[in-house]
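So for the sequence shown, the numbering used here puts the first residue at 3; every next one is plus one. Glycine included, every Cβ here is placed at the ideal spot set by N, Cα and C. Have a look at the structure below before the remarks.
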Amino acid sequence: MKKVVVNVEGDETLFRKALSQGVQSFLAQSPLQGVETYVPTQDGYVRHGEKKATVPRVVIKSPKDLEHVAELARSGADEVVIATGDWKIIPVENLLAMIEGTGCRILAEVSNVSEAEIFINILEKGVNGIVAKPANEQELRILLELVKKPAEIPLVEAVVEEVRPVGVGDRACVDTVTMMEIGEGLLVGSHASMFFLIHNEAVGSSFTSPRPFRVNAGAVHSYVLMPDGNTRYLSELEAGDRVLIVSRTGRTRIASIGRVKIERRPLRLVKARYNDMVGAVTVQDAETIRFITPSGELVPVTELKKNDKILCHISQTRGRHFGMAVEETVVEK
3 MKKVVVNVEG DETLFRKALS QGVQSFLAQS PLQGVETYVP TQDGYVRHGE KKATVPRVVI
63 KSPKDLEHVA ELARSGADEV VIATGDWKII PVENLLAMIE GTGCRILAEV SNVSEAEIFI
123 NILEKGVNGI VAKPANEQEL RILLELVKKP AEIPLVEAVV EEVRPVGVGD RACVDTVTMM
183 EIGEGLLVGS HASMFFLIHN EAVGSSFTSP RPFRVNAGAV HSYVLMPDGN TRYLSELEAG
243 DRVLIVSRTG RTRIASIGRV KIERRPLRLV KARYNDMVGA VTVQDAETIR FITPSGELVP
303 VTELKKNDKI LCHISQTRGR HFGMAVEETV VEK
């Protein structure tokens, strides 16, 4: 997981909030008890904690500055903090290529959430961490989502065991502010241990136009996997929440929700097996709800049948408490 260093200089409230949300690295004028602390010096920081070390800080203004960082990395620096001006993407892309294989971790100073998202996704793998001073609790939450988001989610080939109508119920359409591509969707399921990759509506049907911003995700009781690895019920989602978009190859990105539509519709249950694990998902009984096969084919739930193979994500978590993974005996059927 990427590192986030939260600047809490003069802000005790921010420190307490960040600590309560699992942050373990901070920037402060003096070492903080029990956590990793970056204390500013003339040339960078002294990192206090389990591994005390000097961490250089370099302002990137020219190619010479990039070479200086690369030289620090080749000389054995385990971390370097960088600060950039208006030019962000190309210099950092070049830097990441220059230090490949040195083992040095690059932490980027950011001034807002948008910058953090850029740095974390540069060259797909991004920098190793960010140094930030969130303006409020909402910004802190988004920053933590960004650094906790896995670059890839492992997907497996599950075998369909049962498909059948289950009557009328409430289902949720998740309308994001992002145009999704073919092969992308949300991971949704009735059980904490198995999530089904439900495709977006980029294809449309003979009766509906394509809506690539939308995933008709399933019945309101369903879990949806979130960027921080926790789950939410579909019924809990609302405008402004951020969800984890997953491609059929397992690549991930984050999108904000613009709207959630909950409506009563005929529903269909799908059960599938992976090894000795059986999972289920309940979705609207309509041809616009599609599952994805291992070869990338999109199969409407109305055409899905026993022994078909579809993409799912298997979680080692057996139980959830308020969406968080818990180690306890939980049976979901």
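Which value, in whole angstroms, describes the spacing of the CA atoms of residue i and residue j?
i	j	result
Val-176	Leu-271	19 Å
Glu-11	Pro-136	12 Å
Arg-49	Leu-97	22 Å
Glu-186	Lys-308	23 Å
Leu-74	Glu-119	25 Å
Thr-178	Ile-316	24 Å
Lys-54	Ala-72	22 Å
Val-8	Glu-154	25 Å
Arg-322	Phe-198	Residue placement at Arg-322 is flagged as unreliable, the pLDDT there being 48, under the threshold of 50; the coordinate-derived value follows with that caveat. If I take the Cα positions, the gap works out to 17 Å.
Val-6	Ala-160	36 Å
Gln-26	Met-3	13 Å
Leu-68	Leu-189	40 Å
Ile-294	Met-196	15 Å
Ala-282	Ala-30	48 Å
Glu-139	Tyr-225	25 Å
Tyr-276	Pro-65	51 Å
Arg-107	Thr-39	16 Å
Glu-52	His-70	27 Å
Glu-334	Asn-202	27 Å
Asp-13	Phe-28	11 Å
Ser-211	Leu-306	22 Å
Would you say residue i and residue j are within 9 Å of each other, going by their C-beta atoms?
i	j	result
Leu-21	Val-37	yes
Leu-300	Asp-287	no
Ile-144	Val-112	no
Ala-219	Ile-247	no
Pro-214	Ala-221	no
Val-82	Val-60	yes
Arg-266	Gly-171	yes
Glu-240	Ile-259	yes
Pro-33	Gly-46	no
Lys-127	Asp-230	no
Leu-109	Leu-16	no
Gly-103	Asp-80	no
Gln-318	Leu-146	no
Alpha carbons only, please: which of the options is nearest the one belonging to residue i?
i	options	result
Asn-114	Cys-106, Leu-148, Thr-104, Lys-273	Leu-148
Thr-180	Arg-76, Gly-242, Lys-311	Gly-242
Ala-274	Ile-91, Arg-166, Leu-68	Arg-166
Ile-92	Val-280, Ala-79, Leu-157, Val-129	Val-129
Phe-121	Arg-76, Ile-84, Thr-104, Asp-310	Ile-84
Ile-62	Asn-202, Thr-86, Thr-43, Asn-232	Thr-86
Asp-278	Arg-76, Glu-163, Glu-14	Glu-163
Ser-207	Phe-28, Thr-304, Gly-51, Gln-44	Thr-304
Val-217	Ala-194, Asn-232, Glu-183, Phe-209	Glu-183
Ala-194	Glu-14, Thr-43, Thr-56, Val-280	Val-280
Gly-252	Leu-157, Gln-44, Thr-56	Leu-157
Ala-134	Pro-212, Thr-43, Glu-117	Glu-117
Go through its chain and collect everything with a Cβ distance to residue i's Cβ below 8 Å, but skip five positions before and after it.
i	result
Phe-324	Confidence is the limiting factor: at Phe-324 the pLDDT is only 45, short of 50, which leaves the residue's position unreliable, though a coordinate-based value still follows. Here the set comprises nothing.
His-223	Ser-192, Tyr-235, Leu-236, Ser-237, Thr-284
Lys-263	Ala-174, Cys-175, Asp-177
With DSSP as the reference, label residue i as helix, strand or coil.
i	result
Leu-188	strand
Thr-15	helix
Leu-199	strand
Met-279	strand
Val-165	strand
Ser-208	coil
Ser-317	coil
Arg-267	strand
Glu-289	coil
Leu-145	helix
His-70	helix
Val-115	helix
Ala-55	strand
Val-6	strand
Between which residues of its own chain and residue i is the CB-CB distance below 7 Å, once the five residues before and five after are set aside?
i	result
Arg-18	none
Met-228	Arg-234, Val-245, Leu-246
Gly-298	Gly-185, Arg-250
Thr-346	Coverage of the chain is limited to positions 3 through 335, which leaves residue 346 absent and any answer about it impossible.
Val-168	Leu-269, Arg-270, Leu-271, Thr-284
Pro-296	Glu-159, Lys-311, Leu-313
Arg-76	Thr-104
Using a Cβ-Cβ cut-off of 6 Å (strictly less than) and excluding sequence neighbours within five positions of residue i, which residues of its own chain qualify?
i	result
Pro-302	Glu-289, Arg-292
Met-1	Since the first residue shown for the chain is 3 and the last is 335, residue 1 is missing from the structure and cannot be characterised.
Is residue i near the ligand MG - that is, is its Cβ less than 8 Å away from at least one heavy atom of it?
i	result
Ser-207	The ligand MG is absent from the structure shown, which contains no ligands of any kind.
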